[in-house]
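Note that this note's numbering has the sequence shown beginning at 1, numbered continuously upward.
Data block below; observations after.
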Amino acid sequence: MSLQTKLQDLLTRTGTEFKSLRAAIGALSGLTTTDKSSLVAAVNEVKAGIGTGGSGSTIDDANTATTTTYSSSKITAVVANVKAEVKTEILGGASAAYDTLAEIQALMDADNTETSSILTALGNRVRADAAQGLTAAQQLQARANIAAVATDDVGNTDTNLVALFEAALI
Numbered sequence: 001m002s003l004q005t006k007l008q009d010l011l012t013r014t015g016t017e018f019k020s021l022r023a024a025i026g027a028l029s030g031l032t033t034t035d036k037s038s039l040v041a042a043v044n045e046v047k048a049g050i051g052t053g054g055s056g057s058t059i060d061d062a063n064t065a066t067t068t069t070y071s072s073s074k075i076t077a078v079v080a081n082v083k084a085e086v087k088t089e090i091l092g093g094a095s096a097a098y099d100t101l102a103e104i105q106a107l108m109d110a111d112n113t114e115t116s117s118i119l120t121a122l123g124n125r126v127r128a129d130a131a132q133g134l135t136a137a138q139q140l141q142a143r144a145n146i147a148a149v150a151t152d153d154v155g156n157t158d159t160n161l162v163a164l165f166e167a168a169l170i
C-alpha cells in the first residue's frame, strides 16, 4: 500500500470523524447564548457572565496565587534529585575524572584512535550536502539504514488531499 493510499484513507477517516463531531455539537443556532456567530463567541459570552458574578463565581486569569507550596528544604531536595538524575542519564555513571566536557576532550586528545575511528565512520555516511555516486545496492542499504522508502512506495505526490478531505465531509 503506497503512502498516497494511506493518506487517502486517513483523510476519509478524518472527514468522517469531523462529520460525526459536527452532528454531536449541533448547529450554532441551537445555543442559548445571544451571540451565535461562533462557538468561541458563545463561550466568551458565558465567561463574561460568570466574571460579573452571574453564578456567584469569578474568573481572574491574572491571579496566580496558590494556597500551598513546598518548603525551601523540600524544593532544595527536589532540585538536588533532578540534578542527580540528569547527571546519571547524560553521563551514564562516568567517573568524576570524566564528568565534564573539558575532561572528555582531554581524554579524546590523548587517545586519537577513537577519534580516527569516528572520523572514518563519518566519512562513510550517506551525505545530505553533496551528491554521491552510490550503486543500487548501496542506495537500498542506505534507505534501509534510515528507514526511508523508495520513490515508488510514495505514490502520486500531486494528489489533491484537500479535495479528498472535503469529499469525506459530505
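All residues carry an ideal CB built from backbone N, CA and C; glycine is no exception.
Determine the DSSP secondary structure at residue i, reduced to helix, strand or coil.
| i | result |
| --- | --- |
| A106 | helix |
| N112 | helix |
| D61 | In this prediction, D61 scores a pLDDT of 43, lower than 50, which makes its location untrustworthy; no coordinate-derived value is stated. |
| I75 | helix |
| A131 | coil |
| I118 | helix |
What separation, rounded to the nearest whole angstrom, lies between the Cα atoms of residue i and residue j?
| i | j | result |
| --- | --- | --- |
| N112 | E85 | 31 Å |
| A41 | T32 | 12 Å |
| G15 | D158 | 20 Å |
| A23 | K83 | 50 Å |
| E103 | A97 | 7 Å |
| Q105 | A77 | 32 Å |
| L3 | I146 | 17 Å |
| D152 | N44 | 50 Å |
Please list, in chain order, all residues of the same chain as residue i whose beta carbon is under 7 Å from its beta carbon, the five residues on each side excluded.
| i | result |
| --- | --- |
| S29 | K36 |
Which same chain residues, not among the five before or five after residue i, have their C-beta less than 6 Å away from its C-beta?
| i | result |
| --- | --- |
| L164 | Q8 and L11 |
Pairing CB atoms from the stretch 102 to 119 with CB atoms from the stretch 134 to 146, are three or more of them under 8 Å? Touching, no.
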